[in-house]
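The structure under discussion appears below in the form of structure tokens.
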Amino acid sequence: MGLFSNSLKPEVPEETTAAEVTEETVLPEVTAEGEAPKEVVSTYVDEMGIVAPQTTIHGGIITRGHLAVAGTVDGSVKAEGNIMLSGVIKGAINCNNIIIENTKIDCNTSITAKGSVSIREDASFSGDITCKHISINGTVLGNIKATGNVGLTKTAIVKGNIDAAVLAVEPGAKISGNVQIK
Amino acid sequence: MAREQNTKDYSCTRVTPNMVVTGNIESTDNVLVEGQVFGNINTSADVTSSNLVVGDIRANSMGLNGAKIKGSLSLDGTLVIGQNTIVVGDITADAIKVAGKVKGNINVKESALLGETALIVGDITAGDVSTQSGARINGTITTNQTKSIIDVDSEFDLGNLVAPEINGGAK
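Residue numbers (my numbering), protein chains in the order written: chain A, 574 to 755; chain B, 2 to 172.
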């Protein structure tokens, strides 16, 4: 027994409890000022976790690195690094930068990004988005709150309110909702 | 973003060293666990782990190196348990090679090879067991050759053990 008792205690880092996966962190650098906030020193580790296309995670993920999700994650995802999403994440998303492409996320979740969000032309996302910058080529059904720039190209569709410091809209973009530029 | 070039190369689910998955993983892809998984892993492909899994694993074949597994392992193919690996849980596999530690019962259809650094606490049932000098085993070993003995009594028949009556006829 003595042989095993020590080594088997799983070294559970404090952030691994399921409760904390869904917790939204308050980002210190988000300010109401139009002034571009100081670049936050990234704390992420340069490694990329992968949820492969034929993989479903029935739960959440926390990572200090980057994450590529081509499969399905039922729960929340919290990444210190960037997320490349071409699959489905059903829970809240918390990350640095995120690119969403070639997928439809219609489970009304939320994105909180320290950096920028990119919704590609072939992507659709339903839920609220809080970020620094966002560029939309695809569809967003939800409210957008950006401390920096919001860019909508001609293929963009936004159904929801936009709250931004700077808004750039290409002719052809569709917006239905209130726009507030502070 | 720099990651765009490897966008489509997502053939294997990978839990990186600084990543924690809380929940079961269902997959038909290979699963590589360098981080921590708190949940079961179920894949029709292979699982490789060098870190922690707290949960049962079902896979085709599996390689563990420097891993800690708490949960039962059920494989169609071969299980390799490298040195510095600890498994606490029962194991069912086709074949097994052990250089690490296992606490639990091992049930193998074909061969079980226990290396010199192996430590097994539990019973082993296998088609064939070979043990290198140095392997520590605490438990019973049953091989299929033992099981296939149809008539145990006849194998251990010592013949007629009744002593002849020497004084019987004396008057």
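Ideal Cβ placement from N, Cα and C applies to all residues, glycine included.
Small disclaimer: the values here were computed from a predicted structure and weren't measured.
| query | result |
| --- | --- |
| Looking only at C-alpha atoms, which of Ala741(A), Ile717(A), Thr728(A), Thr726(A) sits nearest to Asn734(A)? | Ile717(A) |
| Using a Cβ-Cβ distance under 7 Å, would Glu694(A) count as near chain B? | no |
| Taking Cβ-Cβ distances shorter than 7 Å, what residues in chain A pair up with Ile26(B)? | Thr628, Ile630 |
| Using the C-alpha atoms, what's the distance from Thr628(A) back to Val21(B)? | 16 Å |
| Comparing the C-beta of Val38(B) with each C-beta of chain A, is any distance below 7 Å? | no |
| Please tell me whether Ala686(A) has its Cβ less than 7 Å away from any Cβ of chain B. | no |
| Please decide whether Gln6(B) counts as near chain A, where near means a Cβ-Cβ distance under 7 Å. | Below a pLDDT of 50, predicted positions are generally treated as unreliable, and Gln6(B), at 43, falls in that range; no measurement from the model is reported. |
| Using a Cβ cut-off of 7 Å (strictly closer), state whether Ile748(A) contacts chain B. | no |
| Flag this pair as yes or no: are the beta carbons of Lys69(B) and Ile87(B) separated by less than 7 Å? | yes |
| Does Asn139(B) come out as helix, strand or coil in the three-state DSSP assignment? | strand |
| Using CA coordinates, which residue listed in Asp47(B), Val89(B), Ala127(B) is at the minimum distance from Val54(B)? | Val89(B) |
| For the segment 630 to 648 of chain A, list every residue whose C-beta sits within 8 Å of some C-beta in chain B, in sequence order. | Ile630, His631, Gly632, Gly633, Ile634, Ile635, Thr636, Arg637, Gly638, His639, Leu640, Ala641, Ala643, Gly644, Asp647, Gly648 |
| Starting from the beta carbon of Ile678(A), find every residue of chain B whose beta carbon is closer than 9 Å, and list them in chain order. | Ordered by position in chain B, no residue passes the 9 Å Cβ test against Ile678(A), which lies about 17 Å from the chain. |
| In or out: Ser50(B) buried (at least 16 other Cβ within 10 Å) or exposed? | buried |
| Any beta-carbon of chain B closer than 7 Å to the one on Glu596(A)? | Residue placement at Glu596(A) cannot be trusted, given a pLDDT of 39 that sits under 50; what the coordinates show is reported in the next sentence. Not an interface residue. |
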